[in-house]
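Mapping of the sequence shown onto the UniProt record's numbering: position 455 corresponds to residue 455, and the numbering continues sequentially without gaps.
Note that CB positions come from ideal geometry on N, CA and C, so glycine has one too.
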Amino acid sequence: MNNTTATIISTNNDEYVYMPSMTQQVIISSLQIPPSLLSLIGSSLIIINVRTIRKKTPYRRILLALSISDIISTVGWLLQPFLADKDAPDAWVWSIGNKPSCVMLGSFSQFGVTSHLYSLFLAVYFLFIVRFGVKERSFKRFERWIHATILGFCLSTAIAGVLLGIFRPSILSPGCWISAPPEGCSEDCPEAKWAWLFGGLPSILTLVGISVSNTMLYLHVRRTVKEGQMKAMANEKRLATFQVQGFSSIVDPTNNNNSSRDCATSSEQQLENGQPSAAPLASDDTDCSSIPPTPPSSFRTSKADERKSVLSSSDKQWKRVQEVGKQGFLYVGAYLLSFLWTLAINYLDSQDFEYKRGSESYLFPLLVLQALFAPALGFSNAIIFFRPKLQAARIKYPDEPFWWVVQQVVTGASDARTSRTTQSRPSSSASHKTKSSSTKKKNKKQASSSWSARINFAGERLSSSRLSTGSTGTNRWSSRIGIKSTSGSLDIISEDGKDEQASMSSLPPKEELPSKNESDDDLTELDASASHDRFEGNNGDSKSKQTNGPEDSM
């Protein structure tokens, strides 16, 4: 090998073959060591966090398997410059290994295909949960079979490569994988077919699958966000109109409001039109002059607050879909950034591009990019995994140093502390719920006695179905803004962490709702599929669906 140029010239047939020079080999071998170390650290931190929090969800199991496969693949990248066979004709500059060590590197490289397949698995998971609204309980039914297929394929192909003796030193890059023998082949070398079967087909399947999944997810999130924004704007206008009409209709207490038109107007129809008048239908024996004035503005304010809470739920749900989609896009982007350079090199190699003069100007930059990004997939995944946790922790601990917050997030200390606090106060939660319920009943009783003389004309039906904040009113407004209620309730959390009473009669227990300080483990674990249910079929259908809440702890 020529140590000063990047070519080998065969004197028999004047054949040009590109091979990195010694200087280029040193550059490539050196560049892939730092990202390999960072990837080992990142993947290890994900594993530690997943095992510390101990939540059983498909998302965390996929990330755990992906991180383990990244560690195995990264170890191969880290050892490639050193453990290749030093006695090979085209050995790289730092090679100090032998044939068994080269076979071991080839096995590591082949088993590293699991990183590609698990990246595809993760993209499919986001697509199923966000786009198709598959519940995590349903996803678990075939999750184990996908794990078995991925691990079985990669393990069997790694063993087959050892038995077939096809793992040899590579020429264009350091390390070992499937390669033709140095002496050449009398006919077509079978190694090319094995390379396509063991590495080519999984890579193509992963690339196509990720591209299709990401495109479908992007279109769904884009449509959902647009619909959510349009509905939010429309309902803000409706709420503003309701407030203006409500306050402008407050009459003077001395005015008996004896207009025949007002007497004949159905109070139910007025409520449907956003006017909270309490005037009933006029009957034959009704004396309009005896009708008391409209209740004060405090009643209208409570109805406005109810509608505001429902609008707030709509805003949070479409934003949740947006955040879950963003998380999926980032994982896919990290994979493509890591893999595209290797794919380009393998494609050019399959087309014998290294035999063309001038190929150095294309292949060497690709080799540099591969050395920088291919080993760093574990580090990129760690950044994406901890990103929403870090954002939540910065809000939770605004006065703490940044690195202290990072430590809390990475080690799972804040999540564990929140979990212990929640579990150690079950009786306090029940007491708070009982106290809150009694307080509301007391306030309601006082308000009722204060205005009983003025609103008793409204009738039992109007009092029970229209003036309360029960499930009927909630479902009506839920259908207007395109949210499908969950068992008659909306999962709403106010800014101070307290439950909004959008559906007082059917809200689930507080511990079933995701709290503000609960770690987002991410957005998918909290309600990705529920967000899908609430936005699918936004045609006014308020039919209840059972949504998927946070998974139980391990």
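Quick check on residue i: does DSSP put it in helix, strand or coil?
| i | result |
| --- | --- |
| M504 | Below a pLDDT of 50, predicted positions are generally treated as unreliable, and M504, at 34, falls in that range; the measurement from the model is reported next regardless. Correct three-state label for M504: coil. |
| F132 | coil |
| F93 | In the sequence as presented, Phe is not what sits at residue 93; that position holds Val. Note: V93 maps to coil in three-state DSSP. |
| C185 | coil |
| I178 | strand |
| Y218 | helix |
| S260 | Residue placement at S260 cannot be trusted, given a pLDDT of 44 that sits under 50; what the coordinates show is reported in the next sentence. Correct three-state label for S260: helix. |
| I483 | With a pLDDT of 37 at I483, under the threshold of 50, the modelled position of that residue is not reliable, and no figure is offered here. |
| K356 | coil |
| K86 | coil |
| P388 | helix |
| Y397 | coil |
| P20 | coil |
| R168 | strand |
| K140 | helix |
| K193 | helix |
| K55 | strand |
| S173 | coil |
| Q32 | coil |
| T74 | helix |
| N98 | coil |
| G412 | coil |
| G209 | helix |
| Q351 | coil |
| S465 | Reliability fails at S465, whose pLDDT of 42 lies under 50, so the model's placement of it is uncertain and no value is given. |
| residue 588 | The displayed coordinates of the chain run from 1 to 554. Any statement about residue 588 would go beyond what the structure contains. |
| G112 | coil |
Out of the options, which one is the CA nearest neighbour of residue i?
| i | options | result |
| --- | --- | --- |
| L31 | K56, S359, F364 | F364 |
| T163 | P100, G328, L79, R144 | It should be pointed out that residue 163 corresponds to Leu in this sequence rather than to Thr. Closest option to L163, Cα to Cα, is P100. |
| I62 | P34, E136, S95 | E136 |
| K231 | V406, G199, K319 | K319 |
| I159 | A180, I146, F198, V212 | F198 |
| P20 | L239, G358, S73, I129 | G358 |
| residue 561 | V405, P401, T224 | Because residue 561 is not part of the residues shown, which for the chain are 1 to 554, the question remains open. |
| T342 | G200, F402, F329, I150 | G200 |
| L372 | L340, L207, L205 | L340 |
| L207 | L336, G161, R168, Q327 | L336 |
| L151 | A65, E360, S39 | A65 |
| R168 | M233, W92, E400 | W92 |
Within its chain, find whatever has a CB closer than 8 Å to the CB of residue i; leave out the 5 residues flanking it on each side and keep chain order.
| i | result |
| --- | --- |
| P202 | V113, H116, L117, F153 |
| Y331 | S119, L122, A123, F126, N381, I384 |
| R131 | M216, L217, H220, H532 |
| G97 | F82, L83, A84, D85, K86, L105 |
| L155 | F111 |
| I33 | L78, P81 |
| Y347 | none |
Which whole-angstrom value is the C-beta distance of residue i and residue j, which I expect to be below 8 Å?
| i | j | result |
| --- | --- | --- |
| A334 | L367 | Actually they are not in contact, since the Cβ atoms of A334 and L367 sit about 20 Å apart, beyond 8 Å. |
| I345 | Q322 | Contact doesn't hold; Cβ gap of about 36 Å is too wide. |
| A374 | S338 | 5 Å |
| G175 | S109 | 7 Å |
| S29 | W94 | 6 Å |
| A88 | P182 | 7 Å |
| V405 | R394 | 6 Å |
| N214 | F329 | 7 Å |
Tell me which residues share the same chain as residue i and place their Cβ nearer than 6 Å to its Cβ, disregarding the 5 neighbours each side in the sequence.
| i | result |
| --- | --- |
| S43 | S67, D70, I71, G378 |
| I166 | I178, E191, W194 |
| D90 | I171 |
| T254 | Note that T254 scores a pLDDT of 48, beneath 50, so its modelled location is shaky and nothing firm can be said. |
| I210 | L120, A123, V332 |
| K226 | none |
| S36 | T74, W77, L78, P375 |
| R60 | V50 |
Considering only residues of the same chain and omitting the five flanking positions on each side of residue i, which have a CB-CB separation below 7 Å?
| i | result |
| --- | --- |
| E354 | V17, Y18, L172, L363 |
| K140 | P58 |
| G412 | N49, T52, I53 |
| I146 | F121 |
| R144 | none |
| I46 | L63, S67, N381, A382, F385 |
| T157 | Q110, F198 |
| R222 | none |
For the ligand SAH, I want to know if residue i counts as a neighbour, meaning its beta carbon is within less than 6 Å of at least one of the ligand's heavy atoms.
| i | result |
| --- | --- |
| C102 | Absent from the structure shown: the ligand SAH. Ligands present: none. |
Task: Three-pair Cβ contact test at 8 Å for the region 115 to 134 versus the region 81 to 99 - done: With a cut-off of 8 Å, the region 81 to 99 and the region 115 to 134 do not count as touching, because too few Cβ pairs lie within range.
Task: Segment contact, 8 Å Cβ cut-off, at least three pairs: the region 55 to 62 with the region 25 to 40 - done: They do not touch, by the three-pair rule.
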